[in-house]
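Data block below; observations after.
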Amino acid sequence: MLKIHKGGLQTSVQDLGRTGFQKYGVIASGVMDPFAHRLANLLVGNDEQSATLEISLVGPKIQFTEDALIALCGGDLSPKIDGSPIKTWRMLVVKKDSTLTFGEPRIGARCYLAVAGGIQVEEVMGSRSTYLRAGIGGFQGRSLTKGDDIHTGELTPMQLKALERSSDSEFDWLVPPARYFEEPIIRMIKGKQFELFNEASKEQIFTEAFSVSGNSDRMGYRLEGPNLALEEPTELISEAVAFGSVQVPSDGNPIILMADRQTTGGYPKIGQVASVDLPLIAQLKQGEWLRFKEISLADAQQRLIEQEQHIREIKASIQLKQEEWK
Amino acid sequence: MNAFFSPLGDQAIAVDLGNKIDEETEQQVRKLSILLESRQPEWLIEVIPAFVTVSVFYDPCIATYDVVKAEIEELLNHLGDDLPIQSRTIEIPVCYGGEFGPDLEFVAQHNNLTAREVIDIHTSGDYSVHMIGFAPGFPFIGGMSEKIAAPRRDSPRLRIPERTVGIAGNQTGAYPIETPGGWQLIGRTPIRLFRPEDEIPSLLQAGDKIIFKEISKKEYDAWEDEPNAENT
Numbered sequence: 621m622l623k624i625h626k627g628g629l630q631t632s633v634q635d636l637g638r639t640g641f642q643k644y645g646v647i648a649s650g651v652m653d654p655f656a657h658r659l660a661n662l663l664v665g666n667d668e669q670s671a672t673l674e675i676s677l678v679g680p681k682i683q684f685t686e687d688a689l690i691a692l693c694g695g696d697l698s699p700k701i702d703g704s705p706i707k708t709w710r711m712l713v714v715k716k717d718s719t720l721t722f723g724e725p726r727i728g729a730r731c732y733l734a735v736a737g738g739i740q741v742e743e744v745m746g747s748r749s750t751y752l753r754a755g756i757g758g759f760q761g762r763s764l765t766k767g768d769d770i771h772t773g774e775l776t777p778m779q780l781k782a783l784e785r786s787s788d789s790e791f792d793w794l795v796p797p798a799r800y801f802e803e804p805i806i807r808m809i810k811g812k813q814f815e816l817f818n819e820a821s822k823e824q825i826f827t828e829a830f831s832v833s834g835n836s837d838r839m840g841y842r843l844e845g846p847n848l849a850l851e852e853p854t855e856l857i858s859e860a861v862a863f864g865s866v867q868v869p870s871d872g873n874p875i876i877l878m879a880d881r882q883t884t885g886g887y888p889k890i891g892q893v894a895s896v897d898l899p900l901i902a903q904l905k906q907g908e909w910l911r912f913k914e915i916s917l918a919d920a921q922q923r924l925i926e927q928e929q930h931i932r933e934i935k936a937s938i939q940l941k942q943e944e945w946k
Numbered sequence: 008m009n010a011f012f013s014p015l016g017d018q019a020i021a022v023d024l025g026n027k028i029d030e031e032t033e034q035q036v037r038k039l040s041i042l043l044e045s046r047q048p049e050w051l052i053e054v055i056p057a058f059v060t061v062s063v064f065y066d067p068c069i070a071t072y073d074v075v076k077a078e079i080e081e082l083l084n085h086l087g088d089d090l091p092i093q094s095r096t097i098e099i100p101v102c103y104g105g106e107f108g109p110d111l112e113f114v115a116q117h118n119n120l121t122a123r124e125v126i127d128i129h130t131s132g133d134y135s136v137h138m139i140g141f142a143p144g145f146p147f148i149g150g151m152s153e154k155i156a157a158p159r160r161d162s163p164r165l166r167i168p169e170r171t172v173g174i175a176g177n178q179t180g181a182y183p184i185e186t187p188g189g190w191q192l193i194g195r196t197p198i199r200l201f202r203p204e205d206e207i208p209s210l211l212q213a214g215d216k217i218i219f220k221e222i223s224k225k226e227y228d229a230w231e232d233e234p235n236a237e238n239t
């Protein structure tokens, strides 16, 4: 069990999201940085779908009531066990009654804590993700706070064997960490309404830098930069949006829709972020900058397929290591 | 069948089946959605129907854009086939005015009507659900009389209680969960529109016909939350 002594800024239970219910207006939710979440799970021998804790900027204080296998992937929020710094992107054994804390966010904004057995909360509509706005899913439909007791699932025989060995030195391998940038170049496919924008906007979106505004959250990243505008005002008929849709409301500041986006929207979409670059946005902090670069749809899909192959290779090499646990 | 395809990023495709909101386009949207869901192609993740567009989310590791597009194009030839389209009519009881409908008077004055007339007109519309979006179970309902149309509030309310029925322009609808919003609030229904514990978590679905029925405060208070949704 995980005893929460401090909740941090926003720590919530998430998995890969709620699919199949968007037609009923139910948002997808799920992790902001799926790559980090998946690797954290794989490192501790979980299924990639298992729930993790998504930790943002100011981390929580968590006490483990039993020995546990954990992994932290994503941004580096200076994690410590009982005051000693620990490494991210690797598996660790934590002893009963150890306490995990966090310090300054060094790189990135969000970190994923996977615990062997997975974070055990009831599934709502096929997912353990927290849907904060509707107050459902995850742990009581909300972010974690002091006094919460979070259960973890049963361990597989392999995970149990690893715990028996219980010495970190035996697990001193790590996976190649994702590279996050303070001013990333985000690859973007032109959106359905791209041609409706005026000439200046069509150029500026790919040439100017945009900063992340303070109003950014799990729903969307609001950007500030050159004011984007349509060639002429146009009323659009609402339609579905997706993770990474870049829509431009009438104030001219683009919004990148993230994990907790609404299912539909009526603002013009100037572009759509390539899925492989979404983690780079998820890891940006308020005040940081990004630039967009055009990518073709075919190229974006190719990169996504390559990323899946990369994850499969990492998974295979982790499984080889896990064979040694037996 | 004229359809316009465009990528909604690298994991979804948008299929526009028309460019204005009308019944024929809506039928096509429903039919394509039903066809996709009943055939369940291997690459399909989920379908989001809207007013004139069906957005199809797929796994690009199984099929790329061109493959998905070609398969959807093929399906479009079958929109004329007999499809099991349910036609449901759902009655939504509403307690109008008072604390539940603080803007009923505004809607009346805006249209030079009495509150009574607004209620009578609101309960006599020929309503259908165009799509579900914005919030879980939130219906975009068409078919309201222009006689009771009203502009959105200048500044949205920060908290609108769940199940509140409102008007914005010539649309009407109800907020399934507590949320900020700018609609003019005319009443509240005792029926829950969002039911996360149910297999289908939204009481209403695109294509449903809606009847608003006036109930008294006493009836509202006595209401036990039965679905009360009769399929006809």
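Heads up: the protein sequence lines correspond to chains V and L, in order.
Here the working numbering is used: position 98 in the first sequence is 718, and no number is missing along the way.
Here the working numbering is used: position 178 in the second sequence is 185, and no number is missing along the way.
Beta carbons: idealized from backbone N, C-alpha and C, even for Gly.
Only a predicted model underlies this, so the values are computations on that prediction, with no experimental measurement involved.
Item                                                                                                                                                                        : Value
Do we get a CB-CB distance below 7 Å when we pair Y644(V) with the residues of chain L?                                                                                     : yes
Got a sec, what are the start and stop residues for the alpha helix (DSSP H) L816(V) sits in?                                                                               : Segment: none, L816(V) is in no alpha helix (DSSP H) and carries neither H nor E.
Quick check on F655(V): does DSSP put it in helix, strand or coil?                                                                                                          : helix
Could you tell me whether the stretch 631-651 of chain V touches the stretch 697-711 of chain V, where touching means 3 or more Cβ pairs closer than 8 Å?                   : no
Below 7 Å on C-beta distance, what does T772(V) contact in chain L?                                                                                                         : In chain order: nothing, as chain L lies at least about 24 Å away.
Could you pull out every residue in the same chain whose Cβ sits closer than 8 Å to the Cβ of P168(L), ignoring the five residues on either side in sequence?               : Y182, E185, R195
Per the DSSP calculation, E98(L) is bridged to which residue(s)?                                                                                                            : I218(L)
Is the stretch 863-878 of chain V touching the stretch 744-760 of chain V, taking contact as three or more C-beta pairs under 8 Å?                                          : no
Please state the DSSP three-state secondary structure of S670(V).                                                                                                           : coil
D205(L): buried (16+ other C-beta within 10 angstroms of its C-beta) or exposed?                                                                                            : exposed
Would you list the residues sitting across from A860(V) in a DSSP beta bridge?                                                                                              : T884(V)
For the beta strand (DSSP E) holding R159(L), just list the boundary residues, first then last.                                                                             : Careful: R159(L) lies outside any beta strand (DSSP E) and carries neither H nor E.
Which stretch, first to last residue, makes up the beta strand (DSSP E) that contains A691(V)?                                                                              : 688-696
How long is the line joining the alpha carbons of G16(L) and F814(V), rounded to whole angstroms?                                                                           : 13 Å
For K225(L), would you say it is in contact with chain V, using Cβ-to-Cβ distances shorter than 7 Å as the test?                                                            : no
Grouping DSSP H, G and I as helix and E and B as strand, with all else coil, what is L86(L)?                                                                                : coil
Could you tell me how far apart the beta carbons of E802(V) and E908(V) are, in whole angstroms, since I believe they sit closer than 8 Å?                                  : 6 Å
Leaving out five residues on either side along the sequence, give the residues of the same chain with a beta carbon under 7 Å from the beta carbon of E112(L).              : A122
Could you tell me whether any Cβ in chain V is nearer than 7 Å to the Cβ of P234(L)?                                                                                        : In this predicted model, P234(L) has a pLDDT of only 49, less than 50, meaning its place in the structure is not dependable; the value taken from the coordinates is given anyway. No, P234(L) does not count as interfacial toward chain V.
With contact counted as at least three CB pairs below 8 Å, one residue from each stretch, are the stretch 663-671 of chain V and the stretch 146-166 of chain L in contact? : no
Do the CB positions of F58(L) and A19(L) come within less than 7 Å of each other?                                                                                           : no
Between T60(L) and chain V, is there a C-beta pair that is closer than 7 Å?                                                                                                 : yes
Report the residues of the stretch 11-28 of chain L with a CB closer than 7 Å to any CB of chain V, ordered along the chain.                                                : S13, P14, L15, G16, D17, Q18, A19, A21, I28
Would you check if the stretch 206-221 of chain L and the stretch 133-144 of chain L touch, i.e. whether three or more CB-CB distances between them fall below 8 Å?         : yes
Would you say T71(L) lies against chain V (beta-carbon separation less than 7 Å)?                                                                                           : yes
What residue range does the beta strand (DSSP E) around E855(V) cover?                                                                                                      : Note, E855(V): premise wrong, no beta strand (DSSP E); not H, not E.
In the stretch 623-641 of chain V, which residues sit with their C-beta less than 7 Å from some C-beta in chain L, listed in chain order?                                   : T639, G640, F641
Give me the chain L residues within the contact set of K812(V), using Cβ-Cβ distance strictly less than 9 Å, ordered along the chain.                                       : S13, P14, L15, A21, D23
Under the assumption that L843(V) contacts S833(V) (Cβ atoms under 8 Å), give the Cβ distance between them as a whole number of angstroms.                                  : 7 Å
Mind reading off the beta-carbon distance from S649(V) to D880(V)? Whole number of angstroms is fine, and I expect it under 8 Å.                                            : 6 Å
To which residues does DSSP link A10(L) through a beta bridge?                                                                                                              : Its beta-bridge partners do not exist; DSSP assigns none.
Please check if any C-beta of chain V sits within less than 7 Å of the C-beta of N238(L).                                                                                   : Unreliable placement is indicated for N238(L), whose pLDDT of 36 sits below 50; the coordinate value is still reported in the next sentence. Not closer than 7 Å to any Cβ of chain V, the Cβ of N238(L) fails to qualify, so no.
Taking the Cβ atom as the reference point for each residue, do T750(V) and S836(V) lie within a distance shorter than 7 Å?                                                  : no
I need the DSSP call for G140(L), collapsed to helix, strand or coil.                                                                                                       : coil
Which residue's Cα is closest to the Cα of F219(L): D228(L), I193(L), R202(L)?                                                                                              : I193(L)
So T708(V) contacts chain L; which residues on that side make the cut at Cβ distance below 8 Å?                                                                             : Ordered by position in chain L, no residue passes the 8 Å Cβ test against T708(V), which lies about 27 Å from the chain.
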